[in-house]
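Position 144 of the sequence shown, counted from 1, bears residue number 198 in the working numbering, the numbering being contiguous throughout. C-beta atoms are modelled at their ideal positions from N, C-alpha and C, and glycine is treated no differently.
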Amino acid sequence: MKNFCVIGNPIDHSLSPKIHNHWFNENKIDAVYKKNLLQTSELEKFVEKLRSLEITGANVTVPFKNSIVPFLDKLSVEAQKTNSVNTIFNEGDKVIGHNTDIAGFELAIRYINYEIKRKKIFIIGAGGVCSSIICALENMGCENIFLTNRTLEKSQKIKKIFKKIEIVKWGKIPDFDIVINATSVGLDNDTIDLDLNFPHQNKFFYDVIYNPSETHFLKQARENGNKTENGKMMFIYQAHQSFAIWNKVFPKIDDKTINLIK
Ligand code: ATR
Numbered sequence: 055m056k057n058f059c060v061i062g063n064p065i066d067h068s069l070s071p072k073i074h075n076h077w078f079n080e081n082k083i084d085a086v087y088k089k090n091l092l093q094t095s096e097l098e099k100f101v102e103k104l105r106s107l108e109i110t111g112a113n114v115t116v117p118f119k120n121s122i123v124p125f126l127d128k129l130s131v132e133a134q135k136t137n138s139v140n141t142i143f144n145e146g147d148k149v150i151g152h153n154t155d156i157a158g159f160e161l162a163i164r165y166i167n168y169e170i171k172r173k174k175i176f177i178i179g180a181g182g183v184c185s186s187i188i189c190a191l192e193n194m195g196c197e198n199i200f201l202t203n204r205t206l207e208k209s210q211k212i213k214k215i216f217k218k219i220e221i222v223k224w225g226k227i228p229d230f231d232i233v234i235n236a237t238s239v240g241l242d243n244d245t246i247d248l249d250l251n252f253p254h255q256n257k258f259f260y261d262v263i264y265n266p267s268e269t270h271f272l273k274q275a276r277e278n279g280n281k282t283e284n285g286k287m288m289f290i291y292q293a294h295q296s297f298a299i300w301n302k303v304f305p306k307i308d309d310k311t312i313n314l315i316k
């Protein structure tokens, strides 16, 4: 039997085992997928398990998408561009880091038929998933991207890769069409310390978080009359691409799959 897992900290919220075990069953693949709570100091040892094939494939979630990079042998073009890895696989004795978040975000936006062209985007959070979202938005032709992060240096690091974005000081809210929560705030039902509470209407609030399905960020936005979307479809599409990398099979995304993620 093959072993797969997702690593992160915290990890309780992750629904990756649910979706991948469902697809393993459907495709009659003899494999099991588990959650693995790790500390940063354990990342190197973890990659060794992929090298020795004790683990066949893994997903990486908060807060390790950037910090896993130095321990890998090679990166895909997308992972290299974003310095962010959410999928690991041992191919021909090299442990390779892939990024399926870019495709995941782009497909999720296409799924709801939302037009990104000429839109002003405000991203909150310069953590592990931020560069993937910027990459997808630029691919889709957005007008401009404002980025804010509690720790300024992290947004400055992202600007070194994506030169066209504008950095906004924490606490300032620029004019936007879409605001994206790319922080980990909301996983524990906590609230982002930003004054988004003024009566924005007819804007689009997107949260990368899918569990809980409605964070405070989305609840408040919905109550104020805005369009909202959580990270569920992004999660499903990134998982779909990871599954294909590991198993060379594209599993089905149908109502049964979507209903697994509540
Ligand atoms: P990493 O920061 O190691 O890349 P991550 O989980 O991918 O890990 O990113 C967490 C993101 O959530 C970061 O943007 C972080 O902001 P800081 O860079 O200032 O730490 C953001 N974040 C976490 N807790 C936060 C909070 N209470 N308020 C605002 N932003 C927060």
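Where does Gly151 sit, in a helix, a strand or coil, going by DSSP? Sequence index remark: in the sequence shown, residue 151 carries index 97 (1-based). Gly151 falls in the strand class under three-state DSSP.
At the level of alpha carbons, what is the spacing between Lys257 and Lys273? Translated into positions along the sequence shown, residue 257 becomes position 203. Translated into positions along the sequence shown, residue 273 becomes position 219. Going by the C-alpha atoms only, they are around 14 Å apart.
Report the three-state DSSP secondary structure of Thr311 (helix, strand or coil). Within the sequence shown, the letter at position 257 stands for residue 311. Helix at Thr311.
Going along the chain, which residues of its own chain have a beta-carbon closer than 6 Å to the beta-carbon of Ile232, five neighbours each way excluded? The sequence position of residue 232 within the sequence shown is 178, counting from 1. Contacts found: Lys173, Ile175 and Phe258.
Under three-state DSSP, which class holds Leu201? In the sequence shown, counting from the first residue as 1, residue 201 sits at position 147. The answer is strand: DSSP assigns Leu201 an E or B state.
Any non-hydrogen atom of ligand 1 within 7 Å of Pro117 CB: Indexing the sequence shown from 1 puts residue 117 at position 63. Checking the Cβ of Pro117 against ligand 1 gives yes.
Distance cut-off 7 Å: Gly179 Cβ against heavy atoms of ligand 1: Counting from 1 along the sequence shown, the entry for residue 179 is found at position 125. Gly179: yes, Cβ under 7 Å from ligand 1.
Alpha carbon of Ile156 to alpha carbon of Ala190, nearest angstrom: Residue 156 sits at position 102 when you count from the first residue of the sequence shown. Residue 190 sits at position 136 when you count from the first residue of the sequence shown. If you take the alpha carbons of Ile156 and Ala190, they lie about 5 Å apart.
Are three or more beta carbon pairs between the region 210-221 and the region 148-165 nearer than 8 Å? no
Bounding residues of the beta strand (DSSP E) (the contiguous stretch that carries Leu91): Along the sequence shown, one-based indexing puts residue 91 at 37. Here the beta strand (DSSP E) through Leu91 covers Ala85 to Leu91.
Just checking Ile246 against ligand 1 - is the residue's beta carbon closer than 7 Å to any of the ligand's heavy atoms? In the sequence shown, the residue the question calls residue 246 occupies position 192. Checking the Cβ of Ile246 against ligand 1 gives yes.
Considering only the alpha carbon of each residue, which of Ile61, Gly111, Cys196 and Lys72 lies closest to Ala298? For the purposes of this step, residue 298 is taken as residue 244 along the sequence shown, with counting starting at 1. Nearest C-alpha to Ala298: Gly111.
Have a look at Asp229 and Leu250 and give me their C-alpha separation to the nearest angstrom. Here residue 229 corresponds to residue number 175 of the sequence shown, with the count starting at 1. Here residue 250 corresponds to residue number 196 of the sequence shown, with the count starting at 1. About 11 Å.
In terms of residue numbering, what span does the beta strand (DSSP E) encompassing Phe258 cover? The sequence position of residue 258 within the sequence shown is 204, counting from 1. Phe258 -> beta strand (DSSP E) spans Phe258 to Asp261.
Give a yes or no on whether the C-beta atoms belonging to Leu126 and Ile142 are separated by under 8 Å. The residue given as residue 126 occupies position 72 in the sequence shown. The residue given as residue 142 occupies position 88 in the sequence shown. Their beta carbons are under 8 Å apart, which means Leu126 touches Ile142 by this criterion.
When you compare the region 66-81 with the region 95-110, are there three or more beta-carbon pairs, one atom per stretch, that lie closer than 8 Å? no
Suppose you measure from the CA of Glu192 to the CA of Asn313; what does that come to, to the nearest Å? The residue given as residue 192 occupies position 138 in the sequence shown. The residue given as residue 313 occupies position 259 in the sequence shown. Cα to Cα, the separation comes out at about 30 Å.
Any heavy atom of ligand 1 closer than 7 Å to the CB of Arg204? To locate residue 204, count along the sequence shown from 1; it is residue 150. Yes - ligand 1 has a heavy atom lying nearer than 7 Å to the Cβ of Arg204.
Compute the minimum distance between the beta carbon of Thr136 and the heavy atoms of ligand 1, and state whether it is under 7 Å. What you label residue 136 is simply residue 82 of the sequence shown in a count that begins at 1. No, ligand 1 has no heavy atom inside 7 Å of this Cβ.
Among Asn90, Glu132, Thr282 and Gln292, which residue has its Cα nearest to the Cα of Ser185? The residue labelled residue 185 in the question sits at position 131 within the sequence shown. Cα-wise, what sits closest to Ser185 is Glu132.
Look up Gly111 in the DSSP assignment and give the residues it is bridged to. Here residue 111 is taken as the residue at index 57 of the sequence shown, counted from 1. DSSP lists Phe58 and Phe143 as partners of Gly111.
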